[in-house]
Ligand code: NAP
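Numbering (our numbering), first residue to last: 200 to 751.
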């Protein structure tokens, strides 16, 4: 059944196209899923709304877009050939380089021939009588597949700010999550930016370099730390390429799936001077070193507050205007409870005469008008408005179309009070459906490429088990799902991650049930749980035999 995707997608009869698996999404998870399933000899098709591979890196072309994980971690580990052939130019790669890497992998593995781009899934429904997923798209495709793999990503549904008058703005609107492919020139223009999360912070540092007047509308300030990115020279590259096996092994054994260093000292186990010296060192080293210096920053509120004070002091040392500095200092939530951001000269931008911080707590936005942003104190006239207001994260992508399980059970109904699944991988009542980097796994709390690879490898091993045992369908028991959700809830209670209003908890989307539904026990522990299930012969999963084989 293998062959060119276009050919296979247009059967003369108009009947559904029969496949072994449909994969939704061409980000790093979907790309690896297509490769791994094809390696098993399966007939697959990938469906992707974007025009090419790359997922979030295809869409997020905003100025300054960059990964906050080092490429040595944020890259595929499954192919030694790819590791050796691809050469990163810096420690933390920018979006163009990451997208080039995705394209390199797609070329190397000839992935595009099995992807259907610029196509959206409109529904996926399980047909219990025929034991297939019927998947339909906005281009009129109708596939039937034994398995459906949702590699839809935790951050793919952009969220606009709910501000009156947005649609009336007569200038240009740019969204961080769907940035134009051509370069945008802001020089000499009056530009506003709403949103100061990871995306907004990166935009500020880049747009701040060449802009007329820049107004940064900040509601909640984020904690951000220096990235201290560095070019990789020939010696660095050799060192990395010679040591990939041990680097990958260390990543797999770590809580974050690759981010290092990871300290095992409790904050108060050291005297004050020593703690401060370690924090200073970490600040100088850059990256996530501050987060990794101590083991208990997300479970000990006093330790957390002292580190928050340390970062607030640093902001005060950079920003010259005391009022602006004060407004930029995050307060009222624990450091690291929102995604910790990394930047290059973010706070420095606010020392420029043409970069203005607008503190929305002091002077809220009343409306967007055709000519600018109307604050309580008056209007800020603008030529362009940038929105970096985040995503309907974790659940948004799978709730954006109809997913119907056994007996027509609707995923939107199952998830109406939040994401609920088994290991973030499977759903009770939805046979043969898998999620890659699903909402109840480590998702945003660890290196997503590590999760993608681990998930896909686990899924393909289960498929091998199914085939080897003459089985046809698999799904978790409702009890198994409850047990997993209890584990997640128990762990979540111990961290401070839910103490900020973020996309981690659904707190950024009005009407969404709030709660931390990710696995907070770390990537390595998560992998152990998954492996233990496989080792137990897949306890908590129920299988149905392949009727074609019964009595054969
Ligand atoms: P985000 O962290 O959710 O930030 C959205 C921002 O928009 C927040 O500052 C939010 O303020 C603000 N906002 C939303 N509605 C608003 C309104 N009506 N008025 C004023 N402000 C409003 O979204 P993001 O920055 O796109 O980042 C999302 C995630 O993507 C990150 O957490 C990270 O996981 C990932 N990411 C990673 C990188 C990287 O690797 N370096 C870069 C970009 C993104 P409030 O907090 O007050 O709601």
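Just so it is clear, CB atoms sit at the ideal spot from N, CA and C, and this is done for glycine as well. Computed from a prediction, not measured in an experiment: that's the story for all the values here.
Take residue 742 and list the residues in its own chain whose beta-carbon comes closer than 6 Å to its own, dropping the five residues that flank it on each side.
Position 543 of the chain shown, counted from the start, is the residue given in the question as residue 742. Cβ neighbours of residue 742 beyond the five flanking positions: 670 and 673.
Residue of 323, 355 and 348 minimising C-alpha distance to residue 341
On the chain shown, residue 341 is found 142 positions in, with the first residue counted as 1. Checked all of 323, 355 and 348; the closest Cα to residue 341 is 323.
What's the C-alpha gap between residue 202 and residue 312?
Numbered from 1 along the chain shown, position 3 holds the residue referred to as residue 202. Numbered from 1 along the chain shown, position 113 holds the residue referred to as residue 312. Low per-residue confidence applies at residue 202: pLDDT is 42, beneath 50, and the placement is therefore not dependable, though the value from the model is reported in the following sentence. For residue 202 and residue 312, the distance between alpha carbons rounds to 8 Å.
Pairwise C-alpha distance: residue 572 and residue 564
Taking the first residue of the chain shown as position 1, residue 564 is located at position 365. Taking the first residue of the chain shown as position 1, residue 572 is located at position 373. For residue 564 and residue 572, the distance between alpha carbons rounds to 7 Å.
Please find out if some non-hydrogen atom of ligand 1 comes closer than 6 Å to the beta-carbon of residue 621.
Translated into the one-based positions of the chain shown, residue 621 becomes position 422. Incorrect: residue 621 has no Cβ contact closer than 6 Å to ligand 1.
If you reduce the DSSP assignment to three classes, tell me which class residue 404 lands in.
Translated into the one-based positions of the chain shown, residue 404 becomes position 205. In this structure, residue 404 counts as helix in the three-state DSSP scheme.
Rounded straight-line distance, which links the Cα of residue 593 to that of residue 702
Taking the chain shown and counting its residues from 1, one reaches residue 702 at position 503. Taking the chain shown and counting its residues from 1, one reaches residue 593 at position 394. Taking the straight line joining both Cα atoms gives about 8 Å.
Helix, strand or coil at residue 417 according to DSSP, with G and I counted as helix
Residue 417 sits at position 218 when you count from the first residue of the chain shown. DSSP places residue 417 in strand when its eight states are reduced to three.
Across the stretch 677 to 685 and the stretch 388 to 406, are there enough close Cβ pairs to call them in contact, namely three or more that are closer than 8 Å?
No contact exists between the stretch 677 to 685 and the stretch 388 to 406.
Quick one: what's got a C-beta closer than 8 Å to residue 292's C-beta in the same chain, skipping five residues either side?
By one-based count along the chain shown, residue 292 stands at place 93. Cβ neighbours of residue 292 beyond the five flanking positions: 265, 266, 270, 273 and 300.
If you drop the 5 nearest sequence neighbours on each side, which residues of the same chain put their C-beta closer than 8 Å to that of residue 646?
Here the question's residue 646 lines up with position 447 in the chain shown. Excluding positions up to five away in sequence, the list reads 268, 272, 273, 450, 455, 456, 457, 458 and 722.
Report yes if the C-beta distance between residue 170 and residue 406 is below 7 Å; otherwise report no.
Any answer about residue 170 is impossible in this case: the structure gives the chain only from 200 up to 751.
Outcome for residue 424 when other beta-carbon atoms lying within 10 angstroms are tallied against a minimum of 16
Stepping through the chain shown from its first residue, residue 424 is reached at position 225. Buried, because 16 or more other Cβ atoms sit within 10 Å of the Cβ of residue 424.
Could you spell out the range, first to last residue, of the beta strand (DSSP E) harbouring residue 556?
Within the chain shown, residue 556 is the residue found at index 357, counting from 1. That run of the beta strand (DSSP E) goes 554 to 558.
Proximal residues to residue 617 (C-beta, below 6 Å), its chain only, five neighbours per side dropped
Counting from one through the chain shown, the residue named residue 617 turns up at place 418. If we look at residue 617 and ignore the five residues flanking it on each side, its Cβ neighbours are 712, 714 and 716.
Compute the minimum distance between the beta carbon of residue 360 and the heavy atoms of ligand 1, and state whether it is under 6 Å.
Counting from 1 along the chain shown, the entry for residue 360 is found at position 161. Checking every heavy atom of ligand 1 against the Cβ of residue 360, one is found closer than 6 Å.
What three-state label does DSSP hand residue 399 in the structure shown?
Numbered from its first residue, the chain shown carries residue 399 at position 200. DSSP places residue 399 in helix when its eight states are reduced to three.
Taking 6 Å as the cut-off, is the CB of residue 538 close to at least one heavy atom of ligand 2?
Here the bound small molecules are ligand 1; ligand 2 is not part of this structure.
Going by the C-beta, is residue 396 closer than 6 Å to any heavy atom of ligand 1?
Position 197 of the chain shown, counting from 1, holds the residue named residue 396. Indeed, a heavy atom of ligand 1 lies less than 6 Å from the Cβ.
Compute the minimum distance between the beta carbon of residue 354 and the heavy atoms of ligand 1, and state whether it is under 6 Å.
Counting from one through the chain shown, the residue named residue 354 turns up at place 155. Yes, the Cβ of residue 354 comes within 6 Å of a heavy atom of ligand 1.
Is it true that the stretch 650 to 667 meets the stretch 596 to 610, where meeting means three or more beta-carbon pairs spaced less than 8 Å apart?
These segments do not touch.
Specify the secondary structure class of residue 201 as computed by DSSP and reduced to three states.
Locating residue 201 in the chain shown gives position 2, where the first residue counts as 1. Residue confidence is low: residue 201 scores 36 on pLDDT, short of 50, so the model does not pin down where it sits. No coordinate-derived value is stated.
Three-way DSSP call (helix, strand, coil) for residue 664 in this model:
Stepping through the chain shown from its first residue, residue 664 is reached at position 465. Three-state DSSP puts residue 664 in a helix.
Suppose only complete runs of 3+ residues qualify. What are the beta strand (DSSP E) ranges in the stretch 670 to 717, listed by chain order?
As far as the stretch 670 to 717 is concerned, its whole beta strand (DSSP E) runs of at least 3 residues are 670 to 675.
Should the stretch 504 to 514 be regarded as contacting the stretch 364 to 374, the criterion being three or more beta carbon pairs within less than 8 Å?
no
Between residue 327 and the rest of its own chain, which residues show a CB-CB distance below 6 Å, the 5 nearest in sequence each way excluded?
Position 128 of the chain shown, counted from the start, is the residue given in the question as residue 327. So the list reads 605, once near-sequence residues are dropped.
Residues in the same chain with beta-carbon distance under 6 Å from residue 200, minus the five sequence neighbours each way, listed in chain order, please.
Counting from 1 along the chain shown, the entry for residue 200 is found at position 1. Confidence at residue 200 is low in this model, with a pLDDT of 36, below 50, so the placement of that residue should be treated as unreliable; the coordinate-derived value is given next. Scanning its chain for C-beta atoms nearer than 6 Å, with the 5 sequence neighbours on each side dropped, one finds around residue 200 the residues 242, in chain order.
If residue 699 sits next to residue 536, beta carbons under 8 Å apart, how far is it from one beta carbon to the other, in whole angstroms?
Counting from one through the chain shown, the residue named residue 699 turns up at place 500. Counting from one through the chain shown, the residue named residue 536 turns up at place 337. Contact flag correct, Cβ pair sits at about 4 Å.
Residue environment, residue 358, which counts as buried when at least 16 other CB atoms sit within 10 Å:
Indexing the chain shown from 1 puts residue 358 at position 159. By the 10 Å Cβ count, residue 358 comes out buried.
Can you tell me which of 540, 386, 603 and 275 puts its alpha carbon nearest to the alpha carbon of residue 395?
Counting from 1 along the chain shown, the entry for residue 395 is found at position 196. Comparing Cα-Cα distances from residue 395 to each of 540, 386, 603 and 275, the minimum goes to 540.
Please say whether residue 227 and residue 648 have beta carbons closer to each other than 7 Å?
Against the chain shown, residue 648 aligns to sequence position 449. Against the chain shown, residue 227 aligns to sequence position 28. Result yes, Cβ atoms of residue 648 and residue 227 sit closer than 7 Å.
Rounded distance between the beta-carbons of residue 247 and residue 224, thought under 8 Å
Here the question's residue 224 lines up with position 25 in the chain shown. Here the question's residue 247 lines up with position 48 in the chain shown. Correct: roughly 6 Å between the Cβ atoms.
Where the alpha helix (DSSP H) containing residue 347 begins and where it ends:
Your numbering for residue 347 matches position 148 in the chain shown. It is not in any alpha helix (DSSP H) - residue 347 instead sits in the beta strand (DSSP E) that spans 341 to 349.
Is DSSP giving residue 250 helix, strand or coil here?
Start at 1 with the first residue of the chain shown, and residue 250 comes out as number 51. Annotated three-state conformation of residue 250 is coil, per DSSP.
Contacting residues, own chain, Cβ-Cβ under 8 Å from residue 652 (five flanking each side not counted):
To locate residue 652, count along the chain shown from 1; it is residue 453. Here the set comprises 231, 275, 276 and 277.
Where residue 649 falls: helix, strand or coil (DSSP):
Numbered from its first residue, the chain shown carries residue 649 at position 450. Residue 649 falls in the helix class under three-state DSSP.
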